[in-house]
Structures are given as structure tokens and as C-alpha cells.
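Per the numbering used here: the sequence shown = residues 122 to 599.
C-beta: ideal position from N, C-alpha, C; glycine also.
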Amino acid sequence: MKKQPGWALPNLREAQKRTKKEAIIERSLFQIPVEVRDLGLGKKYYLRTYGCQANERDSETLAGILEELKFEAVETPEEADLILLNTCAIRKNAEDKVLGEIGHLKHLKDKNPDLVFGLCGCMAQEEEIVQIIVEKYRHINLVFGTHNIHRLPELLYEVMSCHKRSIEVLSKEGDVIENLPVRRFGKNKAWVNIIYGCDKFCTYCIVPYTRGKERSRYMEDILDEVRQLKAEGYKEITLLGQNVNAYGKDLKIEGGFARLLEEVAKIGIDRIRFTTSHPWDFSDEMIDIIAKYDNIMPFIHLPVQSGDNQILKIMGRRYTREQYLTLFHKIKDRMPNCAISTDIIVGFPNETEEQFQHTIELVKECQFDNAFTFIYSPREGTPAAAMEDNVSLEVKQRRLQELNDCWNEYAHEKNNAYLGQTVKVLVDGISKKNESILSGYTETNKLVNFKAKDAKPGDIINVKITECRTFSLNGEQV
Ligand code: 5AD
Ligand code: SF4
């Protein structure tokens with residue numbers, strides 16, 4: 122690939138480095154230079170987000186920046202002067218979806234040569250992907266990564282005013298950048314970042330490379346944000362991190378995540394959630410705090426990945442099946458009503474039938490409320506991608522089906538226990554399928570569709586459950 126002057130391209134080896142250097146907390150990095158202040162005046166942007174909540178939250182920042190530049194949001198790419206895809210790299214099928222969309226939208230660039238077509242997020246951090254974009258997807262004229270969102274005004278200026286193809290991806294450990302603009306997409310529920318990056322380096326996972334090292338925000342910055350959200354009328358916040366349990370370790374914050382959770386709870390916002398927890402450093406103090414405060418929701422996402430010790434070891438998960446089960450039961454003993462969901466990967470390289478059955482047995486023991494199940498997808502640059510794999514795709518697909526049938530049965534059973542109960546629901550909006558029906562979530566994160574009396578989005582109301590399905594509950598407002 123021919124590198125142009127001014128380009129910065131991703132480098133996986135650099136992205137893997139971890140030093141002892143503390144991340145810098147940047148408070149005034151974001152600036153809008155005078156010449157770009159009106160860059161978006163009269164122009165429209167279309168922003169599409171793929172992947173996890175971290176990406177959703179990043180998109181709120183992207184939208185915030187674009188609107189400060191006076192761009193106006195539109196719902197379809199056809200109306201846009203700027204198309205921006207905020208992408209996910211977790212599995213190949215996530216990438217394929219994006220590449221398909223880029224191809225599908227190419228005709229818009231043919232029609233309008235001034236169209237700015239940008240790609241950002243986790244895929245932009247991948248060497249292989251950026252190479253493909255540069256060489257084959259020439260209608261993409263803006264690429265930036267997860268570490269330099271704040272540079273969007275300058276990068277846009279290069280494309281729009283200097284008519285350059287702008288590619289700037291930084292492969293570094295990363296800093297914490299405060300005070301970026303934000304346009305929250307929800308009025309009642311908000312995401313709050315608490316820790317960026319990941320240092321766990323599970324052997325299958327691309328995230329430590331695309332998102333840099335673990336770096337926490339200062340507790341006061343997080344608490345200020347939560348206080349402001351409460352003042353603005355938000356009912357629910359979700360504390361976000363690739364691994365929230367690691368919160369504060371880099372800054373040596375005493376009490377770590379448990380203390381942060383308690384301080385957030387004391388602010389008194391109605392509902393607090395957090396995601397994702399790694400079983401490895403889930404402390405007893407965390408369980409105590411979750412149990413103690415009514416406004417910390419009784420719902421924990423606790424990815425297990427596999428029920429087999431050998432596979433867990435090769436995955437680099439840092440716990441055994443027995444340790445996971447001990448933690449699981451400790452949480453359930455302390456909070457019998459707490460819902461627990463999980464992530465599971467099937468078909469990790471050379472997984473035997475017996476090892477897969479250990480996962481099935483674990484699912485039968487835990488009876489998860491919800492599970493996100495995936496076929497292992499090799500990610501270039503990760504240790505697992507270099508492993509030989511003797512499991513065929515057919516076998517992986519069959520295992521996925523067996524696993525899904527298994528957890529679905531328990532999830533349905535878990536939901537059946539709600540029949541006749543009255544539960545508290547935070548109303549989200551109108552059900553997609555039927556306009557007279559509203560929908561929302563229970564404290565345990567169950568989706569409820571219900572016949573409303575006078576409820577509106579943002580209300581927390583009582584709903585009596587009248588029907589239980591595998592993935593949702595039906596009911597009536599009482
Ligand atoms: N292949 C399949 N699934 C993966 N996950 C992460 N990396 C991979 C991969 N290479 C899954 C894990 C993780 C969830 C977010 O995605 O289960 O918890
Ligand atoms: Fe996807 Fe992981 Fe990036 Fe989230 S952090 S967008 S899940 S690759």
C-alpha cells in the first residue's frame with residue numbers, strides 16, 4: 122500500500138505494548154479551530170454504530186462534535202453530506218457487515234463526489250482492514266480510530282477544505298480525554314464511561330489491541346457526570362468498561378470499583394447498571410455493595426466463555442470452572458433475585474466434544490437468565506489466531522445450536538417464574554410490534570411489553586406479568 126504524507130496507519134505490534142506509564146488525563150485537548158467552526162453549516166450527517174456499548178457511547182461523542190461544527194443529523198445515508206460508520210472488530214461477521222455496507226453505499230459517492238465517507242471505531246485500529254480500505258475501498262476518504270475521536274474537526278477540515286484523503290489511526294496505549302462534547306441519544310437512560318481499554322489479553326480477543334490499555338477516569342469526574350445526569354432527569358445510568366472491576370487499579374484508587382459503585386449509588390439516581398464484569402477480579406466488596414443499595418440493579422453480566430478448564434486456560438481467562446461456579450453461587454446465595462447473564466464461545470481451536478459438554482453442564486448448573494453465544498472467530502494478531510484448529514465449521518454450528526437450545530430452555534423457565542408477579546418497569550417506549558403496547562425493562566433487565574394505563578417513557582411503574590416467553594414478558598400496568 123502506498124502511504125501518503127500525513128497519514129498515520131495502525132500497527133498491531135505497537136497496540137499490544139503495555140508500559141508502566143500512567144495514562145494522561147487530558148482536559149483541554151478538544152478544540153474547534155476558528156476555520157472549522159462552521160464546517161457543517163447547512164450540511165447533514167448520517168452516523169451508524171456497530172458493536173458494543175462503548176461504541177454507542179463513542180457515537181454520542183461523535184454526534185456531539187459534529188453538532189458543534191453545525192452539522193445536522195439525518196436518518197438515512199441518502200440524505201447525508203457526511204456518512205460515518207463507527208465499527209466493531211470483535212468477530213469477522215461484524216466486519217463483513219461493515220464491508221458489505223461500504224460497498225452497498227458506494228453509489229452515493231459516485232453520485233456526489235463531495236460526499237465525505239468515513240470509517241472509525243475498532244475496525245479502523247486493524248492493520249489488515251485499513252490496508253483493504255486504502256487499496257480497495259477508495260470511496261472512503263476519512264479513517265480515524267478509537268484514540269483520536271477528538272481530532273474529528275481537523276480531519277474533516279482536511280477532507281472537506283483541502284480535498285485530501287485523511288487517514289489517522291494511532292496505535293498507542295491511550296490517554297483519558299475529558300470534556301468532549303456529547304449528544305446523548307436517550308432521554309432517560311445514559312452511558313457513563315468509567316474505565317477505557319483492556320489489559321487482560323484473552324488469547325482470542327482483539328479488544329486490548331483496538332482499545333488500548335486499562336485507564337480509569339478520576340472518580341470525581343465520573344460522579345460529577347452522574348450528578349449532572351440526575352439533575353437533567355435521567356432515570357438510569359450504565360457504568361461502562363471492558364472490565365469494570367479493574368476500575369481504579371491504574372490510579373491506585375482505594376476501594377476500586379466497589380467504592381465507586383457505592384459513591385454513585387449515594388447520588389440517588391433511580392437505577393444503576395454496570396457492564397462488563399470479569400469473573401477474575403469480582404470482589405466480595407462488590408457483592409456487598411450491590412446487595413446493599415436498592416438503586417443498584419440486581420443484574421450482573423458475567424461472561425464465562427467456556428465451562429472447560431483446559432479451554433479456559435488456553436483462552437487466558439485466569440479462572441477455573443470451579444472458581445467461576447463459586448463466584449456465581451456466592452452472588453446467588455447473597456442475592457437470590459439477582460439475574461445473571463453470560464457470554465460463551467463455542468468452537469475455540471481444537472475444542473473436543475467432551476470439553477464442549479463441560480460448557481453444557483455448566484449452563485445446566487447456572488441456568489443463566491440470558492446468554493450471548495458465539496462461534497469462535499480468529500482475529501489477526503491475537504495468539505489464538507495462530508493456533509491450528511481441527512474443529513470443522515459444521516461441528517461448531519451444531520454445538521452453537523445445542524448450546525442455544527440448552528440456555529433458551531432455562532431462560533424460559535426463569536421467565537416463567539415471573540408469572541403473576543408485579544414488577545417495577547422503567548418505560549422505554551412504544552413496542553415495535555404494537556402501538557398500543559409500551560415496553561421497558563425490569564430491575565433484572567427483562568424486557569416487558571405491557572398494556573399501559575397512563576405510563577409514558579421515563580416512568581417507573583408497576584406491571585403485573587401475564588405471559589412469559591423465552592426472551593420477553595407480557596403484562597399490564599397496575
Ligand atoms: N470470537 C468469538 N467471540 C468472541 N468474543 C470476543 N472475541 C471473540 C472472538 N474472537 C465474544 C466474547 C466476549 C464477547 C463480547 O464477544 O464472548 O465476551
Ligand atoms: Fe466491538 Fe470490542 Fe470494539 Fe466494542 S470494544 S466495538 S465489542 S471490538
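Ordered list of beta strand (DSSP E) runs contained in the stretch 232 to 310, each at least 3 residues = Taken in chain order, the unbroken stretches of beta strand (DSSP E) that lie wholly in the stretch 232 to 310 and span 3 residues or more are 237 to 242, 263 to 265 and 287 to 289.
Answer with buried or exposed for Q125, where buried requires no fewer than 16 other C-beta atoms within 10 angstroms of its C-beta.
-> The residue labelled residue 125 in the question sits at position 4 within the sequence shown. With fewer than 16 other Cβ atoms from the protein chains shown falling within 10 Å of its own Cβ, Q125 counts as exposed.
Determine the direct distance from the alpha carbon of S287 to that of L273, and round the result to whole angstroms.
-> As a position in the sequence shown, residue 273 is number 152, starting the count at 1. As a position in the sequence shown, residue 287 is number 166, starting the count at 1. L273 and S287: Cα-Cα distance of roughly 10 Å.
Between the Cα of P424 and those of C487, M456 and R455, spot the shortest distance and give me the residue it belongs to.
-> If you number the sequence shown from 1, residue 424 lands on position 303. For P424, the nearest C-alpha among the options comes from C487.
Which of helix, strand or coil does DSSP assign to Y440?
-> Within the sequence shown, numbered from 1, the residue matching residue 440 stands at position 319. Coil.
How would you call Q349, buried or exposed, if buried means at least 16 neighbouring beta carbons within 10 angstroms?
-> Translated into positions along the sequence shown, residue 349 becomes position 228. Taking every protein chain shown into account, the CB of Q349 has fewer than 16 other CB atoms within 10 angstroms, so this residue is exposed.
So, are the CB atoms of E335 and Q363 less than 9 Å apart?
-> Stepping through the sequence shown from its first residue, residue 335 is reached at position 214. Stepping through the sequence shown from its first residue, residue 363 is reached at position 242. Remark: C-beta atoms of E335 and Q363 approach each other more closely than 9 Å.
Measuring CB to CB, does I461 end up less than 9 Å from D490?
-> To locate residue 461, count along the sequence shown from 1; it is residue 340. To locate residue 490, count along the sequence shown from 1; it is residue 369. Contact flag set, yes.
On a CA-only basis, which of P470, P499 and W312 is nearest N511? Give me that one, please.
-> For the purposes of this step, residue 511 is taken as the residue at position 390 of the sequence shown. Nearest option by C-alpha distance: P470.
What separation, rounded to the nearest whole angstrom, lies between the Cα atoms of V297 and Y317?
-> What you label residue 297 is simply residue 176 of the sequence shown in a count that begins at 1. What you label residue 317 is simply residue 196 of the sequence shown in a count that begins at 1. Rounded to whole angstroms, V297 to Y317 spans 8 Å at the Cα level.
Less than 9 Å separating the beta-carbons of L263 and V290?
-> Here the question's residue 263 lines up with position 142 in the sequence shown. Here the question's residue 290 lines up with position 169 in the sequence shown. No. Outside cutoff.
Per DSSP, what kind of secondary structure is C589 in: helix, strand or coil?
-> The residue given as residue 589 occupies position 468 in the sequence shown. In this structure, C589 counts as strand in the three-state DSSP scheme.
Are the beta-carbon atoms belonging to H271 and F151 less than 9 Å from one another?
-> Residue mapping note: residue 271 aligns to position 150 of the sequence shown, counting from 1. Residue mapping note: residue 151 aligns to position 30 of the sequence shown, counting from 1. H271 is a Cβ neighbour of F151, given a cutoff of 9 Å.
To which residues of the same chain is R455 closer than 7 Å at the C-beta, ignoring the five residues directly before and after it?
-> Counting from 1 along the sequence shown, the entry for residue 455 is found at position 334. Taken in chain order, the residues that qualify are I408 and A412.
Range of the contiguous alpha helix (DSSP H) that encloses F477 = Here residue 477 corresponds to residue number 356 of the sequence shown, with the count starting at 1. Its alpha helix (DSSP H) spans residues E474 to C487.
Any heavy atom of the ligand 5AD within a distance shorter than 8 Å of the CB on P424?
-> Locating residue 424 in the sequence shown gives position 303, where the first residue counts as 1. For P424, the shortest C-beta to heavy atom distance toward the ligand 5AD is below 8 Å.
With DSSP as the reference, please indicate the residues paired to I582 in a beta bridge.
-> Counting from one through the sequence shown, the residue named residue 582 turns up at place 461. Beta-bridge pairing links I582 to V546.
Quick one: is G224 buried, meaning 16 or more other Cβ sit within 10 Å of its Cβ, or exposed?
-> Residue numbering aside, residue 224 sits at position 103 when the sequence shown is read from its first letter. By the Cβ neighbour-count rule, G224 is exposed, with fewer than 16 other Cβ atoms within 10 Å of its own.
Just the C-alpha distance for G307 and A175, rounded to the nearest angstrom, thanks.
-> Along the sequence shown, read from residue 1 onward, the residue named residue 307 stands at position 186. Along the sequence shown, read from residue 1 onward, the residue named residue 175 stands at position 54. Between G307 and A175, the C-alpha separation is close to 15 Å.
Kindly give me the distance between the Cβ atoms of N430 and D402, rounded to whole angstroms, as I take these residues to be in contact under 8 Å.
-> Working through the sequence shown from its first residue, we reach residue 430 at position 309. Working through the sequence shown from its first residue, we reach residue 402 at position 281. Taking the Cβ atoms as the reference, N430 lies roughly 19 Å from D402, outside the contact range of under 8 Å.
The beta strand (DSSP E) enclosing F192, as first and last residue numbers = Taking the sequence shown and counting its residues from 1, one reaches residue 192 at position 71. No beta strand (DSSP E) holds F192; DSSP gives it neither H nor E.
Should H399 and T463 be called a contact, given that it needs their Cβ atoms to be closer than 9 Å?
-> Walking along the sequence shown from the start, residue 399 turns up at place 278. Walking along the sequence shown from the start, residue 463 turns up at place 342. No; because the gap between Cβ atoms is not below 9 Å, this pair is not in contact.
Nearest candidate by alpha-carbon position, reference Y325, set A311, F265 and Y497 = Position 204 of the sequence shown, counting from 1, holds the residue named residue 325. It is Y497.
Alpha carbon of E474 to alpha carbon of E509, nearest angstrom | Locating residue 474 in the sequence shown gives position 353, where the first residue counts as 1. Locating residue 509 in the sequence shown gives position 388, where the first residue counts as 1. Rounded to the nearest angstrom, the two C-alpha atoms are 17 Å apart.
Identified DSSP bridge partners for A460 = For this step, residue 460 is matched to residue 339 along the sequence shown. Paired residue(s): F420.
Taking the beta strand (DSSP E) that L559 falls in, what are its first and last residues?
-> As a position in the sequence shown, residue 559 is number 438, starting the count at 1. Per DSSP, the unbroken beta strand (DSSP E) holding L559 starts and ends at I558 to T563.
Looking at the C-beta of I298, does it have a partner C-beta in chain E at a distance below 9 Å?
-> Among the chains of the structure shown, chain E does not appear; only one protein chain is present.
CB of E247 within 9 Å of CB of G502, strictly | Your numbering for residue 247 matches position 126 in the sequence shown. Your numbering for residue 502 matches position 381 in the sequence shown. For the pair E247 and G502, the CB atoms are nearer than the 9 Å cut-off.
Within the present structure, is the beta-carbon of D464 separated from the nearest heavy atom of the ligand 5AD by less than 8 Å?
-> The sequence position of residue 464 within the sequence shown is 343, counting from 1. Yes, the beta carbon of D464 sits closer than 8 Å to at least one heavy atom of the ligand 5AD.
Could you check which residue in T396, L521, E534 and C319 has the C-alpha nearest to that of Q478?
-> The residue you call residue 478 lines up with position 357 of the sequence shown. Selected option, being the one with the closest Cα: L521.
Can you have a look at E564 and say buried or exposed, based on whether 16 or more other CB atoms are within 10 angstroms of its CB?
-> Position 443 of the sequence shown, counting from 1, holds the residue named residue 564. Burial of E564 is indicated by the presence of at least 16 other C-beta atoms within 10 angstroms of its C-beta.
According to DSSP, is Y445 helix, strand or coil?
-> On the sequence shown, residue 445 is found 324 positions in, with the first residue counted as 1. Y445: helix per DSSP, three-state reduction.
Rounded to whole angstroms, how far is the Cβ of N416 from the Cβ of I393, which I believe are closer than 8 Å?
-> By one-based count along the sequence shown, residue 416 stands at place 295. By one-based count along the sequence shown, residue 393 stands at place 272. The C-beta distance from N416 to I393 rounds to 6 Å, short enough to meet the 8 Å contact threshold.
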